[in-house]
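Participant: If you're matching positions, the sequence shown starts at -1 in my numbering and goes up one per residue. Virtual Cβ for every residue (Gly too), placed ideally from N, Cα, C. All figures in this text were calculated on a predicted structure; none of them were measured in a lab.
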Amino acid sequence: MTPIPMKIIELLDPKCIVPNLQAVNKRGVLEELAAVLVSGHKEVNLQTVVEVLLDRERLGSTGIGDNIAIPHGKLPQLSGMLLAFGRSVKGVDFDSIDGKPSHLFFLLLAPANSTGLHLKALAKISRMLMSQVFRDSLMGSGGTEEILRLIAEKDAEF
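(1) In terms of residues, what are the limits of the beta strand (DSSP E) holding Ile159?
(2) In this structure, what does DSSP give as the bridge partners for Val90?
(3) What is the residue span of the alpha helix (DSSP H) that His116 lies within?
(4) Out of Val36, Val27, Lys5 and Asn23, which has the shortest C-alpha to C-alpha gap to Lys13?
(5) Helix, strand or coil for Gly71 per DSSP?
(6) Whole-angstrom Cβ separation of Gly84 and Leu31, contact assumed at under 8 angstroms?
(7) Assuming the contact rule is C-beta atoms closer than 8 angstroms, Ala33 and Leu73 should be a hit. Round their C-beta distance to whole Å, please.
Quick look at the structure:
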């Protein structure tokens, strides 16, 4: 039996897209993106989510270079994965491995028992973001609807 391909777009609620992040530091980005995620999910609270994300950052930055960061964490009370996307036009120092500021953020939260799916989602997001054209399109996009369309189109390629 062939595994069903994971669709990133199915994890991304349009309400969880922040086209103009206001945060100026790592914690601020995590708080701003976590806030849109928890707003529709009563099983998690903002403080817990931010602490889980900061704990993960202490292990090593999720700023993977090329102006990208993919902060992520696991929570036992989640029943499924949650995803948010944010864009910072100015860029934020996210302790990236290449020392450059991060502009594009995919924040992923997963249930504690979902290692396989969690890793699959992170890998797919990373593959999508390998495309300079895709990254440039996200940076130049007008807003939520266009960002959603760009992500859906790129997602369909994999």
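Facilitator: Taking the geometry as given:
(1) Here the chain comprises residues numbered -1 to 156, so residue 159 is not present and cannot be evaluated.
(2) The count along the sequence shown starts at 1 and reaches residue 90 at position 92. Answer is Ser100.
(3) Residue 116 sits at position 118 when you count from the first residue of the sequence shown. His116 -> alpha helix (DSSP H) spans Thr113 to Leu127.
(4) As a first step, residue 13 is located in the sequence shown; it is residue number 15 there, counting from the start. Looking at the Cα atoms, Val36 is the closest of the given residues.
(5) Position 73 of the sequence shown, counted from the start, is the residue given in the question as residue 71. Strand at Gly71.
(6) Looking up residue 84 in the sequence shown gives position 86. Looking up residue 31 in the sequence shown gives position 33. Right, their Cβ atoms sit about 5 angstroms apart.
(7) The residue labelled residue 33 in the question sits at position 35 within the sequence shown. The residue labelled residue 73 in the question sits at position 75 within the sequence shown. Wrong, their Cβ atoms sit about 15 angstroms apart, outside the cutoff.
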